[in-house]
Amino acid sequence: MLEIVIIYFVLSFIIMCVMVFVRHTLAGYLLYVPFVLLHWYFNYQCFIHEGTLIGQYLRFDKVGLIFMTVISILIVPTVIHTALYSINRRSKKRIIAIHNASMVGLVASMTGVLISEHLGLLWCFLEATTIVASILIYHDRNSHSLEAAWKYFFVSSIGLALAYAGILLLGIAAQETNETGLYITELQKTTPHMSPMWLKSCFLFAIIGISVKLGVVPLFTVDIDAKDIAPSPVGAMLSGGLMNVGFVSIFRFYESFVFTSIKPWMDKILIIIGIASLIFVVIYLFKIKNFKRLLAYSSVEHAAIAIIALSCGHAGYFVAVLHLVFHSLIKSAIFFQIGQLYRVYLTKNLDFTGAYFKLNPAGALVLFLGFVSILGIPPSVLFLTEYYTLKSLFISWHWVVPVGIIVLLVYIFALLSKDFFHILFAPLRSNIPVFEIIKPYESITQYILLCIVFWVGLHPNIELVEYIKMSVAHLPK
Amino acid sequence: MTNLFIILYCMTLIYLINAGRVLSYIYSLAIQGILLFAIVLSELKEMHLINLTFILLETLIFKGIIVPYYLYYLMKKNNIFYEREPDQLNFYSLFKIAIIFIISFFFGYELHINFETGNAYRLQQHTHEIIYFTASLSSILTGLLIIMRRKKIITHIVGYLVLENGLFMLSLAMGTELPIIINMGILFDILTTVFLLGVFLNRAKGIFKAIEIRNLTELKD
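Going down the list, the sequences are from chains P and X. Going by my numbering, the first residue of the first sequence is number 20, and it counts up by one from there. Going by my numbering, the first residue of the second sequence is number 859, and it counts up by one from there.
See the structure below:
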């Protein structure tokens, strides 16, 4: 299997390099075909060799495989919408070539994070995602994209440097107990013998640093700028793929320390970060007029829910994973549609939108179904996950905590639905120009993503649920 | 001998926090790279060719030569010679760095003695680690301070590199090394990061009149 891993990364790198040098637009997009096939094949091989430790540094565990599959699903619509975006914007060939290569790099490096068994290697791949993601954010080559890319790149690098400090502190703790490896499976056995002080320091540094990837307090602000300025397909990949990668990275630290005495302390940190993120979302939603930032803040909300679920013990672990899987599909569909919305109005300002159902019925239906799903209204799966999160909160924490979270979620629900319904149903004023009529077939991929979500919501797949439950079965009850 | 190099390293931090010229920052970084090489060399218990080559590559070549030269190139190309708006008088900067050293020392001291038993004998055992820890934490905090308080983008890159040097020292305090393949990955990532930061800085010159952080505040809610 090690050969397949090497082949995957080497071929991905070769495809990246070829993409950079191929300046023919169609040929550039055709190069995605071998990459997507390669990624699917690799994903399939990972499932076959599930649980196997590969060359000490890699492991295919269920949590990683679940999120790798999500990336495998998202990659096809992302490529299609990237092509549409570049055609509509008439991007330069050189920029398209760099963009395509960076997208391949992003997918490969996210996959690397998901299969890393060594915390140092995980860090390397995380840093690699920062590098390629910032190139993707810089796609439009203007002052705003430069600002967003610089902020994302710089703050992510600083954040990850802090996470690296956390890994080094764990190394010191390991050294004190004569353990040398920073392998996640090994750490689950050795960390109970390590000094809790070092472990707490490590976890704190790690979660602060990686918060930039997950998009929660404290470093979420650069993530908002990035999702706002980056092309919509990139925003979809950041919300649907990279956010999960951030969650898995935090989860790796959590599962390494979960058998130690610091577990209750870690849970407190997680819930504090989750609640603080929700508070920030509520505050910012009051004044936002930009519909892309609105979606970015919605991602912060869902990342916070996942983090809160993680702090709720065994029932919460399963819910956190399930929540993020379906959030990825829904949010990506909405991000793709938001790209079309921008083409209709040529502005991101909510005040200059409205009557979207009249202007683009196919797209508006996607937006409506997406909003219903993302707001957690039945039959959306997110309704179930949010319900189970709140249920486990009442079991795990004092009632004040879940009640406070409910209040915040109600506020978010009200503020988001107000803006969403304004876009869909508000009468179109005469002074608002309409620039483009979108063709219905451009929304097909979004319908497919939403159909998956509703189908699972209406007919819960027992095998899928069991698989996700099994993925967190090794954690303490 | 190692302690002498670490003290010299700390002195470069004091110089960095007070410097006003970009060239001074670059010289300090180059000296830090050389000092890190000296520290690692004096700590090396066994001399393996692969280890020595990697350390040489990471400290002397990368931190001591390539990165300072690249920053020098950026400085010349973009005509950034001064960090024109020093935030405070030098006196306050000295005050800040002194506080950083004190905080770092206390952290190092507290973390290395046994909390549960308060064993004093462990202190002697860990003196060496405390020195490393103090220097590395000081470097990390100094890097963060430079990033927070300085206005030029190039100075922010310098701050990031000082922070990275601090992390390198922390990895020395760790004693047991990370596998070489992971060290190579980390080195490659940092090299790419510095290169890309430079690319963004060059682009900023084309878009904004002055390459300062205050130009990058357009995106708001």
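Idealized CB from N, CA, C, for every residue including glycine.
Contact list for residue i against chain X, beta-carbon separation under 7 Å
{"i": "Ala497/P", "result": "Residue 497/P lies beyond the residue range present for chain P, which begins at 20 and ends at 496; the question has no answer from this structure."}
{"i": "Lys458/P", "result": "Chain X residues near Lys458/P: none, gap ~31 Å exceeds 7 Å."}
{"i": "Lys170/P", "result": "Leu1074"}
{"i": "Lys246/P", "result": "Near Lys246/P there are no residues of chain X at all, since even the closest Cβ is about 11 Å away, more than 7 Å."}
{"i": "Ala152/P", "result": "Ordered by position in chain X, no residue passes the 7 Å Cβ test against Ala152/P, which lies about 11 Å from the chain."}
{"i": "Tyr303/P", "result": "Asp1079"}
Beta-carbon neighbours of residue i, restricted to chain P and to distances below 9 Å
{"i": "Ile1044/X", "result": "Gly139, Trp142, Cys143, Glu146, Tyr183"}
{"i": "Ile889/X", "result": "Those within 9 Å of Ile889/X in chain P number zero; the least Cβ separation is about 21 Å."}
Residues bridged to residue i [DSSP beta-bridge criterion]
{"i": "Glu1070/X", "result": "Lys1010/X"}
{"i": "Tyr202/P", "result": "His137/P"}
{"i": "Leu72/P", "result": "Arg78/P"}
{"i": "Tyr940/X", "result": "Arg879/X"}
{"i": "Asn197/P", "result": "BP columns for Asn197/P are empty, so no partner."}
{"i": "Asn861/X", "result": "Answer is none; Asn861/X lacks a bridge partner."}
{"i": "Asn368/P", "result": "Asn309/P"}
Other residues of its chain near residue i: CB distance less than 8 Å, five sequence neighbours each side excluded
{"i": "Ile1069/X", "result": "Asn936, Ile938, Lys1010, Ile1011, Ile1012, Leu1059, Ala1062, Lys1063"}
{"i": "Trp474/P", "result": "none"}
{"i": "Phe299/P", "result": "Val236, Phe239, Val319"}
{"i": "Leu201/P", "result": "His137, Leu138, Gly139, Ile186, Leu189, Gly190, Ala193"}
{"i": "Leu902/X", "result": "Asn909, Leu910, Ile913"}
Inter-residue Cα distance where the pair is residue i and residue j
{"i": "Met129/P", "j": "Leu145/P", "result": "7 Å"}
{"i": "Ala180/P", "j": "Ser997/X", "result": "13 Å"}
{"i": "Ile203/P", "j": "Val344/P", "result": "23 Å"}
{"i": "Thr1050/X", "j": "Gly1056/X", "result": "10 Å"}
{"i": "Ile957/X", "j": "Ser951/X", "result": "10 Å"}
{"i": "Ile226/P", "j": "Val420/P", "result": "21 Å"}
{"i": "Ser490/P", "j": "Thr408/P", "result": "18 Å"}
{"i": "Ile326/P", "j": "Ile294/P", "result": "9 Å"}
{"i": "Val95/P", "j": "Val29/P", "result": "21 Å"}
{"i": "Phe276/P", "j": "Phe79/P", "result": "20 Å"}
{"i": "Ile34/P", "j": "Ser121/P", "result": "11 Å"}
{"i": "Ile60/P", "j": "Tyr51/P", "result": "Contrary to the premise, residue 60/P reads as Tyr rather than Ile in this sequence. Their Cα atoms are separated by approximately 14 Å."}
{"i": "His1014/X", "j": "Leu447/P", "result": "46 Å"}
{"i": "Ser176/P", "j": "Leu1045/X", "result": "13 Å"}
{"i": "Ala381/P", "j": "His100/P", "result": "16 Å"}
{"i": "Leu494/P", "j": "Ile243/P", "result": "32 Å"}
{"i": "Leu45/P", "j": "Gly228/P", "result": "39 Å"}
{"i": "Met869/X", "j": "Gln890/X", "result": "10 Å"}
{"i": "Ser162/P", "j": "Leu894/X", "result": "38 Å"}
{"i": "Leu304/P", "j": "Leu394/P", "result": "14 Å"}
{"i": "Leu1002/X", "j": "Phe959/X", "result": "14 Å"}
{"i": "Asn1041/X", "j": "Leu1028/X", "result": "14 Å"}
{"i": "Asn480/P", "j": "Ser351/P", "result": "22 Å"}
{"i": "Phe54/P", "j": "Ser31/P", "result": "7 Å"}
{"i": "Lys437/P", "j": "Ser882/X", "result": "55 Å"}
Nonlocal neighbours in the same chain, by C-beta distance under 7 Å from residue i, ignoring five residues either side
{"i": "Glu461/P", "result": "Leu103, Gln359"}
{"i": "Asp62/P", "result": "The displayed chain sequence assigns Asn, not Asp, to residue 62/P. Hits under 7 Å: Met87, Thr88, Ser91."}
{"i": "Phe354/P", "result": "Ser251, Gly254, Ala255, Ser258, Leu314"}
{"i": "Leu871/X", "result": "Ile955, Ser996, Ser997, Thr1000"}
{"i": "Leu261/P", "result": "Met129, Thr148, Ala152, Lys232"}
{"i": "Met38/P", "result": "Gly47, Leu50, Ala116, Asn119, Ala120, Val123"}
{"i": "Glu1022/X", "result": "Ile1048"}
{"i": "Ser392/P", "result": "Ile349, Ser399, Leu401, Leu469, Val472"}
Under 7 Å from the C-beta of residue i: neighbouring residues of chain P
{"i": "Arg1061/X", "result": "Leu165"}
{"i": "Ser1029/X", "result": "Leu187"}
{"i": "Ile998/X", "result": "Ala184"}
{"i": "His1014/X", "result": "Phe173"}
{"i": "Lys961/X", "result": "The sequence given here has Ile at residue 961/X, not Lys. Within chain P, no residue comes near Ile961/X; the closest Cβ sits about 14 Å away, beyond 7 Å."}
Proximal residues to residue i (C-beta, below 6 Å), its chain only, five neighbours per side dropped
{"i": "Thr992/X", "result": "Ser962, Phe963, Gly966"}
{"i": "Lys246/P", "result": "Gly254, Leu257, Ala315"}
{"i": "Gly476/P", "result": "Pro398, Ser399, Val400"}
{"i": "Gln356/P", "result": "Gly382, Val385, Leu386, Gln465"}
{"i": "Gly976/X", "result": "Only weak support is given to the placement of Gly976/X: the predicted model assigns it a pLDDT of 47, under 50, and the question is left unresolved by the model."}
{"i": "Ser886/X", "result": "Thr870, Tyr873, Leu874"}
Under 8 Å by beta carbon: chain X residues contacting residue i
{"i": "Arg312/P", "result": "Asp1079"}
Partners in chain P for residue i, counting only beta-carbon separations shorter than 8 Å
{"i": "Leu1054/X", "result": "Ile150, Ser153, Ile154, Phe172"}
Chain X contact residues for residue i, given Cβ-Cβ distances below 9 Å
{"i": "Lys306/P", "result": "Asp1079"}
{"i": "Ala322/P", "result": "Chain X residues near Ala322/P: none, gap ~18 Å exceeds 9 Å."}
Cβ pair count under 8 Å reaching 3, the region 306-320 of chain P against the region 396-406 of chain P: no
Any 3 or more C-beta pairs closer than 8 Å across the region 284-298 of chain P and the region 154-173 of chain P: By the Cβ rule, the region 284-298 of chain P does not count as touching the region 154-173 of chain P, because fewer than three pairs are nearer than 8 Å.
Touch test, the region 332-344 of chain P against the region 404-421 of chain P, Cβ-Cβ under 8 Å, three pairs minimum: Verdict: yes, contact present.
Contact the region 345-358 of chain P vs the region 266-275 of chain P: 3+ CB pairs below 8 Å: no
The region 409-428 of chain P / the region 357-376 of chain P touching (three or more Cβ pairs under 8 Å): no
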